[in-house]
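What follows is a single structure, written as structure tokens, with notes after it.
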Amino acid sequence: MEAFTHLTKLYKYVKDGPIDVYGRILTEIVECDRPEMLDMCIRRRGHGISFVSVHSDEQEGFHHIVNDESRIYLGLNVHGKKRKDLARESYPNTNGSEDDPTPLLWQAALARSTKVVQYLGSRRPLEAYKFYSISHNDEKAIKIRRTPDLEKVLYEWLGKTNALGESPLTAAVLSNKSETIKAMFDLKSKHLAKSVIHDRTKFAGLNLLMIALETRCGTDVVDLLLARGVDPVGADKIRGWNMSHIMTHKNLGNVVEHGNAIANIDIMKIPRVLAIGMEVQPVQR
Numbered sequence: 007m008e009a010f011t012h013l014t015k016l017y018k019y020v021k022d023g024p025i026d027v028y029g030r031i032l033t034e035i036v037e038c039d040r041p042e043m044l045d046m047c048i049r050r051r052g053h054g055i056s057f058v059s060v061h062s063d064e065q066e067g068f069h070h071i072v073n074d075e076s077r078i079y080l081g082l083n084v085h086g087k088k089r090k091d092l093a094r095e096s097y098p099n100t101n102g103s104e105d106d107p108t109p110l111l112w113q114a115a116l117a118r119s120t121k122v123v124q125y126l127g128s129r130r131p132l133e134a135y136k137f138y139s140i141s142h143n144d145e146k147a148i149k150i151r152r153t154p155d156l157e158k159v160l161y162e163w164l165g166k167t168n169a170l171g172e173s174p175l176t177a178a179v180l181s182n183k184s185e186t187i188k189a190m191f192d193l194k195s196k197h198l199a200k201s202v203i204h205d206r207t208k209f210a211g212l213n214l215l216m217i218a219l220e221t222r223c224g225t226d227v228v229d230l231l232l233a234r235g236v237d238p239v240g241a242d243k244i245r246g247w248n249m250s251h252i253m254t255h256k257n258l259g260n261v262v263e264h265g266n267a268i269a270n271i272d273i274m275k276i277p278r279v280l281a282i283g284m285e286v287q288p289v290q291r
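For what it's worth, the numbering used here labels the leading residue of the sequence shown as 7, then goes sequentially.
Right under this line is the structure:
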């Protein structure tokens with residue numbers, strides 16, 4: 007960590023002028039699961055959130071975060087497959103800097119960076135952004151200082167649910183790593199007022215369990231989602247498929263064998279008569 011600090015200071019003296027090395031390596035810091043480096047990045051440059059003005063006259067109080075629901079797109083298609091590349095499709099010049107519209111919590115979840123997820127759910131980012139705001143006098147620092155109830159809105163900036171019904175928890179499920187999903191579940195109860203456990207994506211109507219099965223998740227992920235209360239009953243809006251159809255289509259024999267999948271009362275918590283009904287449920291044509 008000390009070596010990293012000294013190396014970043016050297017970029018002040020490059021031939022072509024100072025380089026904001028933190029902005030250039032922000033994505034790499036998240037993907038390498040280095041919360042201490044991320045904390046330094048926030049304290050020194052305030053990276054991770056970006057403001058744009060709503061009004062050209064820059065009236066105080068009229069600004070919002072670029073990571074809002076009008077620009078975030080995690081990249082799910084109707085089958086719930088992971089398409090992280092679509093999150094940057096409208097931003098071809100994005101190079102992993104702070105201009106990346108994907109919120110930090112989403113980036114950490116997709117990268118399976120459990121330590122960064124835990125860091126972002128703690129009070130440390132709040133303290134880091136406050137430190138940046140009082141130690142700098144640029145436009146971003148001023149806007150952070152002027153933001154009322156910063157503690158509440160910060161966690162929304164770092165990872166809010168978008169207009170498509172996709173949340174940081176959705177991103178965690180796409181990671182197919184149970185430790186990351188557990189960390190995200192723990193954050194939901196601490197900092198986000200609205201639970202998204204039972205929410206479905208708009209248009210496709212996929213819940214977290216369906217998304218997990220669509221991405222060929224492991225049995226540990228299925229067990230975790232069921233233990234956390236994700237509904238195993240119901241069908242999507244496009245095809246009329248329930249989880250039985252999805253497992254058959256994806257040839258998830260490992261999940262089926264793991265507790266007899268649908269019909270196992272102890273694991274799935276579904277009455278056998280209802281499970282049989284799901285297996286014979288007709289699909290949409």
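Glycine included, C-beta positions come from ideal geometry on N, C-alpha and C.
C-alpha gap between residue i and residue j, whole angstroms
i: Leu-116; j: Trp-247; result: 26 Å
i: Ala-9; j: Leu-170; result: 42 Å
i: Ile-273; j: Arg-118; result: Bear in mind that the predicted position of Ile-273 carries a pLDDT of just 42, short of 50, making it too unreliable to give a figure here.
i: Gly-52; j: Thr-33; result: 14 Å
i: Leu-219; j: Asp-242; result: 13 Å
i: Arg-245; j: Ala-233; result: 26 Å
i: His-142; j: Ser-56; result: 15 Å
i: Lys-158; j: Thr-254; result: 43 Å
i: Leu-110; j: Trp-163; result: 9 Å
i: Arg-151; j: Cys-47; result: 18 Å
i: Met-43; j: Leu-212; result: 36 Å
i: Leu-231; j: Leu-180; result: 12 Å
i: Gly-240; j: Ser-250; result: 10 Å
i: Thr-225; j: Leu-13; result: 43 Å
i: Lys-129; j: Thr-11; result: Before going on, a small fix: residue 129 reads as Arg here, not Lys. Approximately 22 Å between the Cα atoms of the pair.
Option in the options with minimal Cα separation from residue i
i: Leu-214; options: Ile-244, Ala-189, Ala-178; result: Ala-178
i: Asp-45; options: Met-249, Pro-107, Thr-108, Gly-127; result: Gly-127
i: Ser-184; options: Leu-164, Pro-154, Arg-49, Val-227; result: Val-227
i: Arg-50; options: Gly-165, Glu-157, Ile-140; result: Ile-140
i: Ile-203; options: Asp-192, Gly-235, Asn-143, Thr-221; result: Gly-235
i: Asp-237; options: Arg-222, Arg-245, Ile-217, Gly-224; result: Ile-217
i: Asp-229; options: Thr-11, Asn-182, Asp-192, Leu-193; result: Asn-182
i: Leu-160; options: Leu-180, Glu-172, Ala-134; result: Ala-134
i: Leu-1; options: Tyr-125, Leu-180, Ser-250; result: The requested residue 1 does not occur in the structure, where the chain is confined to residues 7 to 291.
i: Pro-131; options: Asn-257, Ser-250, Pro-41; result: Pro-41
i: Glu-172; options: Met-249, Asn-257, Thr-108, Thr-186; result: Thr-108
i: Lys-121; options: Lys-136, Gly-54, Val-36, Phe-137; result: Val-36
i: Gly-54; options: Leu-258, Tyr-138, Thr-11; result: Tyr-138
Collapsed DSSP secondary structure at residue i in the structure displayed
i: Phe-209; result: coil
i: Lys-88; result: Legend: pLDDT at Lys-88 = 46, less than 50; position of this residue unreliable, no value from coordinates given.
i: Gly-102; result: Any reading at Gly-102 needs caution, since the residue's pLDDT is 41, under 50, leaving its predicted position unreliable; the model's value is listed next. Of the three classes helix, strand and coil, the one that applies to Gly-102 here is coil, per DSSP.
Cβ shell of residue i (< 7 Å), same chain only, five flanking positions each side left out
i: Met-190; result: Ala-115, Val-123, Pro-174, Leu-175, Ala-178
i: Trp-112; result: Leu-80, Gly-165, Pro-174, Ala-177
i: Ile-252; result: Met-216, Leu-219, Glu-220
i: Cys-223; result: Asn-182
i: Thr-153; result: Val-159
i: Ile-258; result: In the sequence as presented, Ile is not what sits at residue 258; that position holds Leu. So the qualifying residues of the chain are Leu-219, Arg-222.
i: Thr-167; result: Ser-173, Val-202
Close-in-space but distant-in-sequence residues of the same chain around residue i (CB under 8 Å, 5 per side omitted)
i: Cys-38; result: Ser-119
i: Leu-156; result: Leu-132, Tyr-135, Lys-136, Ile-150
i: Lys-256; result: Leu-219, Glu-220, Arg-222
i: Ile-187; result: Leu-175, Ala-178, Val-179, Ser-181, Val-227, Leu-230, Leu-231
Contacting residues, own chain, Cβ-Cβ under 6 Å from residue i (five flanking each side not counted)
i: Met-7; result: Glu-42
Cβ contact (3+ pairs, closer than 8 Å) linking the stretch 202 to 215 and the stretch 145 to 158 | No: fewer than three Cβ pairs fall under 8 Å.
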